[in-house]
Amino acid sequence: MSDRLLDFTQTAMGKQIAGLLGVPTPPKLRRAKSGYAQQPLEGKKVLLGSASAGELSPALVSALHEMGATIVVSTELPGLAPVKKAATDAKIPLKTEATGEGAHAYVFDASGMEGTAGLRQLYDFLQPRLSKLAANGRVLLLSRAAQDTASVAAYTASMALRGFTKSLGKEIGKKGATVNLVEVGAGAEGTIAGALRFLLTEHSAYVDAQFLALSKPAKGALLNSFVLPLAGKTAIVTGAARGIGASIAETLAREGASVVGIDRPAEEGALGLTMSRIGGRGLALDVTSPDAGDRLAREIGGLDIVVHNAGVTRDKMLRNMPQHWWDQVLDINLGSILRINESLFQNGLNKGGRIVCISSIGGISGNAGQTNYGATKAGIIGYVEKLAEQMAKNGGAINAVAPGFIETQMTAAMPLMPREVGRRLASLNQGGLPVDIAEAVTFMASPLAAGVNGRTLRVCGQNFMGA
Ligand code: NAP
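Quick note: the sequence shown uses the working numbering, first residue 1187, plus one each step.
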């Protein structure tokens, strides 16, 4: 379903009329048109700043350089010693400019920051320059994970960054720009490069005001090449006939994976069409059938990537909810995931396998009439948290992506008013597209996310629900 207001306000006349009527003008988001590249920031300026300690500057400077960015440091800022030292040590050139006007991204290394003095350095870096941030630009903050900080002042500053991020997102969304916070755990420095490739590029257009925690990667999980990161991998995607699942299948295939799309037998025709378009294979299978896991192992086997996307809503207030609606939603959205994974852990999932489950912001905020749906989607968040350690022991990972309002058949079926409210109550002022979820899933399924395990990433344009 298309967003008519977004389409209308992209025209000159539409923009003018919207302005006169005081109607919001959602920004046009720039999305990736092709797969991951070796130098995605070639020809782009990234303004880099740091707090006095700047422990992550070496990893940051080298990651930005490898991405092809022109790294700019402002002549007006004192300090920046960690950035300058990192660049000198690695023989990486820095460009000096006063404002960094037109920069694609502002990146700030807030690691080692303590108390309000550290936060002041962040203010000094961003405040005078924010109005110069390009449309669809990125602000990215990096900090030490709060639990790894050594002092009360450092812990406090680390937590303060979360409130800063959420508030800034609500200021800069109007121009399609986003802000995110990467929290780097001990031993996870090597995984920053992969996260930056997602968060600083058009692959993350609808990811806004989120905290992405990186932890020490499993042995052998780091990436060798950034181009076609899924080459040689076999992936399955459930619910792949249409909507988000079809887009996930397509995006995984774009990055080199061999994809098998799964959907109910009734969707066989649509599934076949989607799979032949992306060069994948379709398998008609109801994920709730008791032998689903066995069939996946038997008929495909050797899985590297498993995406549990199939999901349904059957909304009714709890007092009116029939038992079969409760059971159906619980079984499709959650029970089947647990059963299939248990089976694949015994047989079918390769060492180093990565699993991605689709949750929902409805599982975070809750919605009247969605006790069944909300329970399953929150259950997924707990499930991936709990299973992370077990997956890491086998060199793999399990994560979830929680979509906000996404333009699909599921949301097209909503009544007009809740649909319009669901779309607009977000910093980016619009619903996402299936490809936005597909990009996040593809990131989670790839070695770019080597440091991400047991996490749930909201992809919601900073939807205010549950924010
Ligand atoms: P969709 O358009 O309804 O597509 C879901 C697909 O899953 C359909 O092809 C459906 O087939 C299939 N499916 C349902 N039950 C199945 C089963 N038992 N076995 C195999 N396949 C089955 O939904 P969507 O909007 O793309 O949503 C995909 C996922 O994202 C879901 O988990 C949903 O909860 C989640 N999500 C969506 C949004 C959103 O705004 N759209 C927001 C948050 C979360 P049938 O047509 O036969 O049912």
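For each residue, glycine too, the CB sits at the ideal point set by N, CA and C.
Under 9 angstroms between C-beta atoms of Ala1432 and Gly1418:
Counted from its first residue, the sequence shown places residue 1432 at position 246. Counted from its first residue, the sequence shown places residue 1418 at position 232. The answer is no: Cβ separation not under 9 angstroms.
Hey, would you say the C-beta of Gly1590 is under 8 angstroms away from at least one heavy atom of the ligand NAP?
On the sequence shown, residue 1590 is found 404 positions in, with the first residue counted as 1. Yes, the ligand NAP has a heavy atom inside 8 angstroms of this Cβ.
Endpoints, the alpha helix (DSSP H) within which Lys1352 is located
One-based indexing of the sequence shown puts residue 1352 at position 166. It spans Val1338 to Ile1358 - the alpha helix (DSSP H) in which Lys1352 sits, taken as one unbroken run.
What number of angstroms, rounded off, separates the C-alpha of Cys1498 from the C-alpha of Ile1566?
The residue labelled residue 1498 in the question sits at position 312 within the sequence shown. The residue labelled residue 1566 in the question sits at position 380 within the sequence shown. In the sequence on display, residue 1498 carries Val and not Cys. For Val1498 and Ile1566, the distance between alpha carbons rounds to 14 angstroms.
Measuring only the C-alpha atoms, how far is Met1299 from Ala1452?
Position 113 of the sequence shown, counted from the first residue, corresponds to residue 1299. Position 266 of the sequence shown, counted from the first residue, corresponds to residue 1452. When rounded, the distance between both Cα atoms is 56 angstroms.
With a threshold of 8 angstroms (Cβ to nearest heavy atom), would Asn1366 be considered close to the ligand NAP?
The count along the sequence shown starts at 1 and reaches residue 1366 at position 180. No, the ligand NAP has no heavy atom inside 8 angstroms of this Cβ.
Beta-carbon proximity list for Gly1373, same chain, < 6 angstroms, skipping 5 on both sides:
The residue you call residue 1373 lines up with position 187 of the sequence shown. Closer than 6 angstroms at the Cβ level, and outside the excluded window around Gly1373, lie Lys1402.
Quick one: does the C-beta of Ser1729 sit closer than 8 angstroms to a heavy atom of the ligand NAP?
Since the first and last residues shown for the chain are 1187 and 1653, residue 1729 lies out of range.
If you draw a straight line from the C-alpha of Lys1318 to the C-alpha of Leu1409, how long is it?
In the sequence shown, counting from the first residue as 1, residue 1318 sits at position 132. In the sequence shown, counting from the first residue as 1, residue 1409 sits at position 223. Cα to Cα, the separation comes out at about 34 angstroms.
Secondary structure at Asp1394, three-state DSSP: helix, strand or coil?
By one-based count along the sequence shown, residue 1394 stands at place 208. Asp1394 falls in the coil class under three-state DSSP.
Taking its Cβ as the centre, do 16 or more other Cβ atoms sit within 10 Å of Ala1363, making it buried, or is it exposed?
Taking the first residue of the sequence shown as position 1, residue 1363 is located at position 177. Ala1363 should be labelled buried.
Cα-Cα separation between Arg1609 and Glu1283, rounded to whole angstroms:
Mapped onto the sequence shown, residue 1609 falls at position 423. Mapped onto the sequence shown, residue 1283 falls at position 97. So the alpha carbons of these two residues sit roughly 39 angstroms apart.
Kindly indicate the opening and closing residues of the beta strand (DSSP E) around Lys1449.
As a first step, residue 1449 must be located in the sequence shown, where it is residue number 263. It should be noted that the sequence gives Asp, not Lys, for residue 1449. Start and end: Ser1444 to Asp1449.
Can you name the residues that DSSP bridges to Thr1420?
Sequence index remark: in the sequence shown, residue 1420 carries index 234 (1-based). Looking at the DSSP assignment, Thr1420 forms a beta bridge with Ser1444.
Report the rounded CA-to-CA distance for Pro1415 versus Gly1221, giving the unit in angstroms.
The residue you call residue 1415 lines up with position 229 of the sequence shown. The residue you call residue 1221 lines up with position 35 of the sequence shown. Each residue's Cα considered, the two are about 9 angstroms apart.
Spell out the partners DSSP gives Asp1295 in its beta bridges.
The residue given as residue 1295 occupies position 109 in the sequence shown. Partner(s): Ser1236 and Leu1328.
Excluding the five sequence neighbours on either side, which residues of its own chain have a C-beta within less than 8 angstroms of the C-beta of Glu1528, listed in chain order?
To locate residue 1528, count along the sequence shown from 1; it is residue 342. Gly1479.
Tell me which residues share the same chain as Ala1470 and place their Cβ nearer than 6 angstroms to its Cβ, disregarding the 5 neighbours each side in the sequence.
In the sequence shown, the residue the question calls residue 1470 occupies position 284. Excluding sequence neighbours, Ala1470 sits near Pro1451 and Glu1454.
Where does the unbroken alpha helix (DSSP H) through Asn1558 begin, and where does it stop?
Against the sequence shown, residue 1558 aligns to sequence position 372. Unbroken alpha helix (DSSP H) run through Asn1558: Thr1557 to Lys1579.
Cβ-heavy atom distance between Arg1450 and the ligand NAP below 8 angstroms?
Counting from 1 along the sequence shown, the entry for residue 1450 is found at position 264. Yes, Cβ of Arg1450 sits closer than 8 angstroms to a heavy atom of the ligand NAP.
In the DSSP output, which residue or residues are listed as bridge partners for Cys1543?
Indexing the sequence shown from 1 puts residue 1543 at position 357. Note: Cys1543 sits in a beta bridge opposite His1494 and Ala1586.
Nonlocal neighbours in the same chain, by C-beta distance under 6 angstroms from Asp1490, ignoring five residues either side:
Within the sequence shown, residue 1490 is the residue found at index 304, counting from 1. Excluding residues within five positions, the ones whose Cβ falls inside 6 angstroms are Lys1419, Thr1420, Asn1536 and Gly1539.
Under a Cβ-count criterion, where at least 16 other Cβ atoms within 10 Å of its own Cβ denotes burial, should Glu1357 be classed as buried or exposed?
In the sequence shown, counting from the first residue as 1, residue 1357 sits at position 171. Glu1357 is exposed by the Cβ-count criterion.
Contact set for Met1630: own chain, Cβ-Cβ below 6 angstroms, skip 5 residues either direction:
Walking along the sequence shown from the start, residue 1630 turns up at place 444. The residues are Val1542 and Asn1585.
Check whether the Cβ atoms of Thr1460 and Leu1516 sit closer than 9 angstroms, and answer yes or no.
Here the question's residue 1460 lines up with position 274 in the sequence shown. Here the question's residue 1516 lines up with position 330 in the sequence shown. No, they are not a contact pair.
CB-CB under 6 angstroms to Gly1355, same chain, minus the five flanking residues each way: which ones, in chain order?
Within the sequence shown, the letter at position 169 stands for residue 1355. If we look at Gly1355 and ignore the five residues flanking it on each side, its Cβ neighbours are Val1365, Asp1394, Ala1395, Ser1613 and Gln1648.
Given a cut-off of 9 angstroms, decide if Pro1279 and Asn1615 are closer than it, judged by their beta-carbon atoms.
If you number the sequence shown from 1, residue 1615 lands on position 429. If you number the sequence shown from 1, residue 1279 lands on position 93. For Asn1615 and Pro1279, no; Cβs fall outside 9 angstroms.
Hey, which unbroken runs of the alpha helix (DSSP H) at 4 residues or more fall wholly within the region 1447-1522?
1454-1464, 1478-1485 and 1509-1516
Please say whether Pro1589 and Ile1430 have beta carbons closer to each other than 9 angstroms?
By one-based count along the sequence shown, residue 1430 stands at place 244. By one-based count along the sequence shown, residue 1589 stands at place 403. Cβ distance < 9 angstroms, so Ile1430 and Pro1589 count as in contact.
Are the Cβ atoms of Val1258 and Leu1234 separated by less than 9 angstroms?
What you label residue 1258 is simply residue 72 of the sequence shown in a count that begins at 1. What you label residue 1234 is simply residue 48 of the sequence shown in a count that begins at 1. Yes, the pair counts as a contact, with Cβ atoms nearer than the cut-off.
According to the neighbour-count rule (16 or more other Cβ atoms, all chains shown, within 10 Å of its Cβ), is Gln1556 buried or exposed?
As a first step, residue 1556 must be located in the sequence shown, where it is residue number 370. Burial call: buried.
What residue does the alpha helix (DSSP H) around Ser1551 start on, and which one ends it?
As a position in the sequence shown, residue 1551 is number 365, starting the count at 1. From DSSP, the alpha helix (DSSP H) with Ser1551 extends over Gly1548 to Ser1551.
Hey, would you say Val1232 sits closer than 9 angstroms to Thr1261, going by beta carbons?
For the purposes of this step, residue 1232 is taken as the residue at position 46 of the sequence shown. For the purposes of this step, residue 1261 is taken as the residue at position 75 of the sequence shown. No, these two residues do not count as a Cβ contact at 9 angstroms.
The ligand NAP heavy atom lying under 8 angstroms from the CB of Leu1471:
Position 285 of the sequence shown, counted from the start, is the residue given in the question as residue 1471. At least one heavy atom of the ligand NAP is nearer than 8 angstroms to the Cβ of Leu1471, so yes.
Under a three-way DSSP split, which group does Glu1228 fall into?
In the sequence shown, the residue the question calls residue 1228 occupies position 42. Coil, per DSSP.
Residue(s) in a DSSP beta bridge with Leu1367
Start at 1 with the first residue of the sequence shown, and residue 1367 comes out as number 181. DSSP output for Leu1367 lists Leu1327 and Phe1397 as bridge partner(s).
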